[in-house]
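Residue numbers (the numbering used here), protein chains in the order written: chain S, 1061 to 1249; chain G, 1061 to 1249; chain D, 1061 to 1249. Okay, structure first, notes after.
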Amino acid sequence: MLDLIGVFINALLGGSVARRREMDLFGYIMIGTVSGLGGGLIRDVLLQHGPPLALTNPLYIPIALAGAGLAFLLKFTEEDWNRVFYVLDAIALCVWAAAGAQRTLAAGLGWLPAILLGTITAVGGGATRDLLVQRVPAVFGGNGLYASVAVLVAAVQVVCSGLGAPTVVGTVLGILAGTLLRLVAYRRG
Amino acid sequence: MLDLIGVFINALLGGSVARRREMDLFGYIMIGTVSGLGGGLIRDVLLQHGPPLALTNPLYIPIALAGAGLAFLLKFTEEDWNRVFYVLDAIALCVWAAAGAQRTLAAGLGWLPAILLGTITAVGGGATRDLLVQRVPAVFGGNGLYASVAVLVAAVQVVCSGLGAPTVVGTVLGILAGTLLRLVAYRRG
Amino acid sequence: MLDLIGVFINALLGGSVARRREMDLFGYIMIGTVSGLGGGLIRDVLLQHGPPLALTNPLYIPIALAGAGLAFLLKFTEEDWNRVFYVLDAIALCVWAAAGAQRTLAAGLGWLPAILLGTITAVGGGATRDLLVQRVPAVFGGNGLYASVAVLVAAVQVVCSGLGAPTVVGTVLGILAGTLLRLVAYRRG
Chain S
1061 MLDLIGVFIN ALLGGSVARR REMDLFGYIM IGTVSGLGGG LIRDVLLQHG PPLALTNPLY
1121 IPIALAGAGL AFLLKFTEED WNRVFYVLDA IALCVWAAAG AQRTLAAGLG WLPAILLGTI
1181 TAVGGGATRD LLVQRVPAVF GGNGLYASVA VLVAAVQVVC SGLGAPTVVG TVLGILAGTL
1241 LRLVAYRRG
Chain G
1061 MLDLIGVFIN ALLGGSVARR REMDLFGYIM IGTVSGLGGG LIRDVLLQHG PPLALTNPLY
1121 IPIALAGAGL AFLLKFTEED WNRVFYVLDA IALCVWAAAG AQRTLAAGLG WLPAILLGTI
1181 TAVGGGATRD LLVQRVPAVF GGNGLYASVA VLVAAVQVVC SGLGAPTVVG TVLGILAGTL
1241 LRLVAYRRG
Chain D
1061 MLDLIGVFIN ALLGGSVARR REMDLFGYIM IGTVSGLGGG LIRDVLLQHG PPLALTNPLY
1121 IPIALAGAGL AFLLKFTEED WNRVFYVLDA IALCVWAAAG AQRTLAAGLG WLPAILLGTI
1181 TAVGGGATRD LLVQRVPAVF GGNGLYASVA VLVAAVQVVC SGLGAPTVVG TVLGILAGTL
1241 LRLVAYRRG
């Protein structure tokens, strides 16, 4: 469920990138889909644990399309996004990092792969989108803190699992800690 | 079979990109192989339904190499390609979109993933090639119609399958409709 | 074992790229991890033969992190790397090409896929790293010989396997031949 919120938010964000490039509706859909589904697709392909969720769960693609379509209608810019939606953006980042780590542990892999794939889930869609429109992925361009937040969230999830806490505890703690760190970073510029 | 024609045509096209970059024979082979096999590899990796066709079918790699080698010998440019070969190019695009959609349905996935993977099969090899030589993938650079044609073809295949028509009916109808649309678009510039 | 040496060397080299971009420690870790693990991850994803070694073997990620961390501490530049470490670099390239070809044969695939995946293993991590920092992958930028060496090593491994020689014979012969060719190429500029 939380995962799907991340799909929607990231597809919206992808739409704002499409707007800056003055693309047509089709461009919105392509960029929005890559942003919304890319991180999870990369994670599931690396896990080699059955077809990607984004293809088997019937909600992922429609929700990514809805996000891209809404972005087309709403006509907000990337700057608006950064000003208005940054709380949502931070939440989506953290949700995906926690979900990616959890899914890796559930596939029977260790804690380091869980942190690695949690981070890749959270930043992979955006990085792929940036590659496709030929700009240095934000995550590599001085915005290191973005990825650090994902690492932190994934690590919290892994530690809580290691301590035997229920999954939801690690997820909630990780998301709280990560969102807090992300918002503090925004305030400080 | 049709699929292999697409591999050959796309490897040829990859060679024309290598020529523009003034690469040596080795560059032709690398770019041609990526163009010819990339779309199918991405599709099969996302499907997670056994090793990619391009690796298990003994014809794919030799045919991609033959296309790249022929491009090296023939010395045509990307402009020649666009003028002379655009009918072949349109056919290759449609063939792959139909084959990708069909293969996704055969793996038991739904209609939306089938359209998505059909499109990715058709445009993925060229997009990867463009990324590797550092230019904005044609599919993202104002050439939206290119991808729309792939979506149309994949959709026709999916609809025909849903109506219970034999696979070949959807494939032929899709390729006809898509090639027509593509050629009309060429005429109009 | 040899494979892990390649991971370490490539993570180190990734660090030198991070230095040129004046990244922080986190940048080193991301670039170093992509360089050190990328080639093997791409190979294993294409093979579809179980989760990637880099995720299941508990040594890969720590060794890649150690290489990236050491690069952060040692403060050498990409030029230093080219001057001092080029023997190591050549060895790492050849080790990976041989290991990639061997692993493909072991998965039951033919000789052409083995050469293809051996080459991809050897050059894939570096190419992905170059894409992420937005420069034309060295392997596509006039440095064709780099990839030719990988093809040679993979081919030697495949031929030796075909002749019934023990795996280690092909590996040693391939690495010797490839390293020799690579060093000759360096001398000649």
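Glycine included, every Cβ here is placed at the ideal spot set by N, Cα and C. Here the structure is a predicted model, which is why all the values come from computation and not from measurement.
(Q) Taking 7 Å as the threshold (C-beta atoms), are Ala1174 of chain G and Leu1243 of chain G in contact? (A) Cβ atoms of Leu1243 of chain G and Ala1174 of chain G: not closer than 7 Å.
Q. Hey, quick one: how far does the alpha helix (DSSP H) through Leu1193 of chain S stretch, first residue to last?
A. At residue 1193 of chain S the sequence reads Val, which differs from the Leu that was named. No alpha helix (DSSP H) holds Val1193 of chain S; DSSP gives it neither H nor E.
Q: Taking Leu1101 of chain G as the query, report the chain D residues whose CB atoms sit under 7 Å from its CB, ordered along the chain.
A: Contact note: Leu1101 of chain G reaches chain D through Leu1106, using a C-beta cutoff of 7 Å and chain order.
Q.
Within 10 Å of its beta-carbon, does Ala1131 of chain D have 16 or more other beta-carbons around it, so buried, or fewer, so exposed?
A. Result: buried.
Q.
Contact criterion: CB-CB distance below 7 Å. Does Ser1208 of chain S meet it with respect to chain D?
A. Taking Cβ atoms only, chain D reaches closer than 7 Å to Ser1208 of chain S, which makes this a yes.
**Q.** Rounded straight-line distance, which links the Cα of Val1183 of chain S to that of Leu1107 of chain D
**A.** If I take the Cα positions, the gap works out to 25 Å.
Q) Considering only residues of the region 1073–1161 of chain G, which uninterrupted alpha helix (DSSP H) runs meet the minimum length of 4 residues and lie entirely inside it, listed in chain order? A) Here the runs fully enclosed are 1085–1107, 1113–1116, 1120–1134, 1138–1144.
Q | For Trp1171 of chain S, the nearest candidate out of S:Gln1217, S:Leu1205, S:Ile1180, S:Ala1126 (CA to CA) | A | Checking every option, the nearest Cα to that of Trp1171 of chain S belongs to S:Gln1217.
(Q) Nearest by alpha-carbon distance to Gly1127 of chain S: which of S:Leu1062, S:Thr1227, S:Leu1072 is it? (A) Among S:Leu1062, S:Thr1227, S:Leu1072, the Cα nearest to that of Gly1127 of chain S is on S:Leu1072.
Q. What three-state label does DSSP hand Leu1212 of chain G in the structure shown?
A. Leu1212 of chain G: helix per DSSP, three-state reduction.
Q. Can you tell me whether Ala1124 of chain S is buried or exposed, with buried defined as 16 or more other CB within 10 angstroms of its CB?
A. Counting Cβ neighbours within 10 Å, Ala1124 of chain S comes out buried, since at least 16 surround it.
Q: Could you please tell me which residues of the region 1062–1080 of chain S, in chain order, have their CB closer than 8 Å to any CB of chain D?
A: Shown here is that no member of the region 1062–1080 of chain S has a Cβ falling below 8 Å from a Cβ of chain D.
Q) Taking all protein chains shown into account, do 16 or more other C-beta atoms lie within 10 angstroms of the C-beta of Asp1084 of chain G, making it buried, or fewer, making it exposed? A) Asp1084 of chain G should be labelled exposed.
Q) Is there contact between the region 1223–1236 of chain S and the region 1156–1170 of chain S, where contact requires at least three CB pairs shorter than 8 Å? A) Output reads yes: the region 1156–1170 of chain S touches the region 1223–1236 of chain S.
Q. Run through DSSP, which three-state label would Pro1226 of chain S get?
A. Judged by DSSP in its simplified three-state form, Pro1226 of chain S adopts coil rather than helix or strand.
Q.
For Ala1187 of chain S and Gly1096 of chain G, I'd like the C-alpha separation in whole angstroms.
A. When the Cα atoms are used, Ala1187 of chain S and Gly1096 of chain G turn out to be separated by approximately 25 Å.
Q: Answer with buried or exposed for Gly1110 of chain D, where buried requires no fewer than 16 other C-beta atoms within 10 angstroms of its C-beta.
A: That one is exposed.
Q.
Assuming Leu1153 of chain G and Val1077 of chain G are in contact, meaning their beta carbons sit under 8 Å apart, how far apart are those beta carbons, in whole angstroms?
A. The pair is not a contact, with the Cβ atoms about 16 Å apart (cut-off 8 Å).
Q.
Checking 7 Å against the spacing of the C-beta atoms, do Tyr1146 of chain S and Val1067 of chain S come in under that value?
A. No, these two residues do not count as a Cβ contact at 7 Å.
(Q) Determine, for Ile1250 of chain D, whether the minimum Cβ-Cβ distance to residues of chain S falls below 7 Å. (A) Not covered by the structure: residue 1250 of chain D. The range shown for chain D is 1061 to 1249.
Q: Throw me the rounded Cβ distance for the Thr1231 of chain G and Ala1158 of chain G pair, which I believe falls under 8 Å.
A: Rounded, the Cβ-Cβ distance is 5 Å, consistent with contact.
Q) So, is the C-beta of Leu1097 of chain D closer than 7 Å to a C-beta in chain G? A) Closer than 7 Å: no.
Q.
Please return the same chain residues whose Cβ sits closer than 7 Å to the Cβ of Phe1136 of chain G, not counting the five positions on each side in sequence.
A. Ser1076, listed in sequence order.
Q: Output the distance between the C-alpha atoms of Pro1112 of chain G and Gly1238 of chain D, rounded to the nearest integer angstrom.
A: Cα-Cα distance, rounded: 28 Å.
Q.
Am I right that Leu1091 of chain S and Gly1074 of chain S are in contact with their C-beta atoms under 8 Å? What's the rounded C-beta distance?
A. Correcting the residue identity first, residue 1091 of chain S is Ile in this sequence and not Leu. Rounded to whole angstroms, the Cβ separation of Ile1091 of chain S and Gly1074 of chain S is 4 Å, and the two are in contact under 8 Å.
Q. When DSSP labels each residue in this structure, what does Arg1248 of chain S get in the three-state scheme?
A. Looking at Arg1248 of chain S - three-state DSSP - the assignment turns out to be coil, as it is neither helix nor strand.
Q.
With H, G and I counted as helix, E and B as strand and the rest as coil, what does DSSP make of Gly1170 of chain G?
A. In the three-state reduction of the DSSP assignment, Gly1170 of chain G falls in the coil class, being assigned neither a helical nor a strand state.
(Q) Measuring straight from C-alpha to C-alpha, what distance separates Gly1087 of chain S and Tyr1206 of chain G? (A) So the alpha carbons of these two residues sit roughly 11 Å apart.
(Q) I'd like to know if Leu1169 of chain G contacts chain S, where contact means its C-beta is closer than 7 Å to some C-beta of that chain. (A) Closer than 7 Å to some Cβ of chain S, the Cβ of Leu1169 of chain G qualifies, so yes.
Q | Leu1236 of chain D versus D:Ala1214, D:Leu1223, D:Gly1100, D:Asp1190, residue with shortest Cα-Cα distance | A | For Leu1236 of chain D, the nearest C-alpha among the options comes from D:Ala1214.
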